[in-house]
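Protein sequences, first through last, are from chains A and B. Our numbering applies: residue 1291 is where the first sequence begins, and numbers increase by one. Our numbering applies: residue 1291 is where the second sequence begins, and numbers increase by one.
Number of protein chains: 2
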Amino acid sequence: MAELLINSQAFKHNLNLISKHLSPTQSPALVLKDNAYGHGLKEMAGLARENGIESVFVKNESEALQIKNTFKHITAFYGNVSEDAPSNIYQCVQTLQTLQTISPIRGFELEVNCGMNRNGLSPQNLKEAFKIIAKRDLRLIGVFTHNGFGDEGGEEMDRQENLSKEIQAQVLELCSSLALPTPRFHFHNSSGTFRKKNIEEIVRVGIAGYGYLCSSHPLCEELKPIASLWADKICSHSLKKGEKIGYGGAGVMPCDGVVSSYDLGYGDGLFRIHEHTHGKLLCDEGEHILPRMSMDCFSTLSEKERICLFRDVRGWARFFDTIPYEILTKLSPFIKKRVL
Amino acid sequence: MAELLINSQAFKHNLNLISKHLSPTQSPALVLKDNAYGHGLKEMAGLARENGIESVFVKNESEALQIKNTFKHITAFYGNVSEDAPSNIYQCVQTLQTLQTISPIRGFELEVNCGMNRNGLSPQNLKEAFKIIAKRDLRLIGVFTHNGFGDEGGEEMDRQENLSKEIQAQVLELCSSLALPTPRFHFHNSSGTFRKKNIEEIVRVGIAGYGYLCSSHPLCEELKPIASLWADKICSHSLKKGEKIGYGGAGVMPCDGVVSSYDLGYGDGLFRIHEHTHGKLLCDEGEHILPRMSMDCFSTLSEKERICLFRDVRGWARFFDTIPYEILTKLSPFIKKRVL
Chain A
1291 MAELLINSQA FKHNLNLISK HLSPTQSPAL VLKDNAYGHG LKEMAGLARE
1341 NGIESVFVKN ESEALQIKNT FKHITAFYGN VSEDAPSNIY QCVQTLQTLQ
1391 TISPIRGFEL EVNCGMNRNG LSPQNLKEAF KIIAKRDLRL IGVFTHNGFG
1441 DEGGEEMDRQ ENLSKEIQAQ VLELCSSLAL PTPRFHFHNS SGTFRKKNIE
1491 EIVRVGIAGY GYLCSSHPLC EELKPIASLW ADKICSHSLK KGEKIGYGGA
1541 GVMPCDGVVS SYDLGYGDGL FRIHEHTHGK LLCDEGEHIL PRMSMDCFST
1591 LSEKERICLF RDVRGWARFF DTIPYEILTK LSPFIKKRVL
Chain B
1291 MAELLINSQA FKHNLNLISK HLSPTQSPAL VLKDNAYGHG LKEMAGLARE
1341 NGIESVFVKN ESEALQIKNT FKHITAFYGN VSEDAPSNIY QCVQTLQTLQ
1391 TISPIRGFEL EVNCGMNRNG LSPQNLKEAF KIIAKRDLRL IGVFTHNGFG
1441 DEGGEEMDRQ ENLSKEIQAQ VLELCSSLAL PTPRFHFHNS SGTFRKKNIE
1491 EIVRVGIAGY GYLCSSHPLC EELKPIASLW ADKICSHSLK KGEKIGYGGA
1541 GVMPCDGVVS SYDLGYGDGL FRIHEHTHGK LLCDEGEHIL PRMSMDCFST
1591 LSEKERICLF RDVRGWARFF DTIPYEILTK LSPFIKKRVL
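Encoded structure:
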């Protein structure tokens, strides 16, 4: 049965690299959203806990509930959190309307738009927001922004970073004037963290924990991808040169030989290779995935009982003109995970 | 919260269209594999049962166990089935080795290669297989083939169909000579079914049940897609012409207006739209999904509280140079389903 193997030592190595950018009293918070970027929410939560992580970020309440006993602080980025959810699960608030309706007992983090113009409250509405927070006696845990230029760096990143700092200053002032407790702040994702030193605030480490970074920072090369994907053989056929394989006979034997089918396909989240795909997609040891990939299997000229699809998805990401995140998050949550 | 809405009347309509090709005593078997092609295994199993379906096909034991009480016959296409699994769950066998090891109490279906050269026993090994079945007193439920040219039709399809019939004849002869009970046979998938009339054998209806078919058969136009995908607004921003949105500022406001983020992204299984993607990907009512799509949300120039991404995925399939199956099976199983 196909498996995603997780290298716990590589994960530890990545966390150590990240921690070097934080002040000695700070430890990173891990982003576990989208099934831990496809790596398995429960498996990665267990590893994170073993490595001393106390704060995590997940996609929504459903993910939060799966790991409710594992962390001190669990923030669900999207959607509402139910009244009866444990108190260590925090909701994210992006609008004034939500501030008017959220339960006063639910801890929450306020997202503020620092220029990415995607999610978050407009900074102009901060004063109004804190009036509501004070009036309704809401349980504000944190305030955060998300820099849309962490990977690219440059002027735009600096502009969003500066705006984040202004937001922080304004929040501190508002809390002081309204006699509210000071929330935590977090601005930096993986890329942002690597660009800084001695960071005092909590940082949200996502993709770097899993061994990747989509920026040109020299530290990227020191990160170690933690997941390798493996498929098992279903069966083999001895075929003659020219014999056809798969739907529409799109795969053709280049010589006499043995072709085998393996138990992963596009229904497991792989991109569907077909005869119009440019180039040859190769497995980790060079086996060519023949077009057309099926929903539950692919064929290749190999007799191996088990084949490694990748140990590092960057090659596949380049092949499909995308980023490692997409290859990883698309992996079916039903692929078995094993931590080594 | 984003939802996949399932139209139960459209599903019934598709089943009726399919049933017209079967002999009056036969009812279709439904393929529910890969989370019912992304539509939700449990939801579609419930609908299938309501429509009188008794035999289904799933990906593996894990899927089979989720619907173990819903059907008389559940065949798991891939992997082994545990000793203690209920007896209505059948394993598929593709090799002589598995015949040597499978438990005599486990019902199984034998897949035979009719020329697709993907999965299944070679027809040359049928005699040997039946010797093992007789000797080990194995519980053979069915024998099946899979035609690799169902969509394309033509000579190759006929050749694989003829080989399937030869396999059936040979199996009948072997059962007779070895005094084994006659198994069921199934050869036809959705495309194959639409090409025939008054089919006596069980047929494995997959994609057609969900409203699609990747062939040029005129009946394709009569099928009705059963799923529509909906996302809910996270928040809105009033922006000026030229202001940037999302990662790398890749989305740019074409005019003054309101941009909103919606709660589906490539981490939910959508293909990641970015600035190098050719063309504009549109939602069902024409809203342009701005590059770059995020992992958990996308942005578009709309203020709607809820937006329909698609009611028919064929447009998206063409856009991404793939087939409806891939768009559908990649939808995260965690997207909420609602049957209407």
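Just so it is clear, CB atoms sit at the ideal spot from N, CA and C, and this is done for glycine as well.
When C-beta distances to chain B are compared with 7 Å, the residues of the region 1372-1388 of chain A below that value are Q1384 and T1385, in chain order.
At a Cβ-Cβ threshold of 8 Å, D1574 (chain A) and F1600 (chain A) count as neighbours.
By the CB criterion at 8 Å, G1410 (chain A) and T1435 (chain A) fall inside the cutoff. Among the CB atoms of chain A, one or more fall inside 8 Å of the CB of N1403 (chain B). Where E1293 (chain B) is concerned, the enclosing beta strand (DSSP E) starts and stops at E1293 to I1296.
Of all residues in the region 1334-1361 of chain B, those with a C-beta nearer than 7 Å to a C-beta of chain A are K1349 and S1352, reading in chain order.
Taking 4 residues as the minimum length, the region 1536-1566 of chain A contains no alpha helix (DSSP H) run wholly inside it. For I1457 (chain A), the enclosing alpha helix (DSSP H) starts and ends at G1444 to L1468. At a cut-off of 8 Å between beta-carbon atoms, N1479 (chain A) makes no contact with chain B. Distance from the Cα of G1576 (chain B) is smallest, within the candidate group B:S1592, B:E1565 and B:H1568, for B:S1592.
With respect to chain A, the C-beta atom of D1611 (chain B) has a partner C-beta closer than 8 Å. The continuous beta strand (DSSP E) containing E1399 (chain B) extends over residues F1398 to E1401.
The Cβ atoms of I1395 (chain B) and R1429 (chain B) lie closer than 8 Å to each other. The contact set of H1527 (chain A) on chain B, defined by CB atoms closer than 8 Å, consists of N1403, N1407 and S1412 in chain order. Residues T1472 of the same chain have their beta carbon placed closer than 8 Å to that of L1462 (chain B), with the five preceding and five following residues left out of the count. P1581 (chain B) and S1589 (chain B) have their C-alpha atoms some 8 Å from each other. Sequence-distant partners of E1565 (chain B) (beyond 5 residues in either direction) whose C-beta falls short of 6 Å from its own C-beta, in its chain, are A1540 and P1581. Looking at the backbone, the Cα of Q1414 (chain A) and that of C1465 (chain A) are separated by about 16 Å. Exclusion of the five residues before and after I1423 (chain B) leaves L1430 as the residues of its chain whose Cβ lies within less than 6 Å of its Cβ.
Just so you know, the alpha carbons of K1421 (chain B) and T1365 (chain B) end up roughly 23 Å apart. The beta carbon of V1603 (chain B) does not come within 8 Å of any beta carbon belonging to chain A, so the residue lies off that interface. Judged by their CB atoms, A1292 (chain B) and D1522 (chain B) are nearer to each other than the 8 Å cut-off.
As the crow flies, the alpha-carbon of S1481 (chain B) is around 50 Å from that of F1361 (chain A). Contact of H1568 (chain A) with chain B by beta-carbon distance below 7 Å is absent, the smallest such distance being about 10 Å. Here the C-alpha atom of L1312 (chain B) lies approximately 12 Å from the C-alpha atom of N1479 (chain B).
Listed as beta-bridge partners of H1476 (chain A) by DSSP are A:F1434. Under the criterion of beta carbons closer than 8 Å, V1495 (chain A) and P1318 (chain A) qualify as touching, at roughly 4 Å. Where A1521 (chain A) is concerned, the enclosing beta strand (DSSP E) starts and stops at A1517 to L1529. In this structure, the straight-line span from the alpha carbon of L1571 (chain B) to that of N1407 (chain B) is close to 36 Å. Residue contact check for T1619 (chain A) against chain B: a CB pair falls below 8 Å. Under DSSP, I1489 (chain B) forms a beta bridge with B:L1312.
Among the residues of the region 1577-1589 of chain A, those with a Cβ less than 8 Å away from any Cβ of chain B are S1584, M1585, D1586, C1587 and S1589, in the order of the chain. Just so you know, the alpha carbons of I1497 (chain A) and L1503 (chain A) end up roughly 6 Å apart.
V1549 (chain B) has a beta carbon lying within less than 8 Å of a beta carbon in chain A.
Identification of residues in the region 1304-1336 of chain A having a C-beta nearer than 9 Å to some C-beta of chain B yields K1323, D1324, N1325, Y1327 and G1328, given in sequence order.
Flagged as an interface residue toward chain A: K1534 (chain B), by a C-beta distance shorter than 8 Å.
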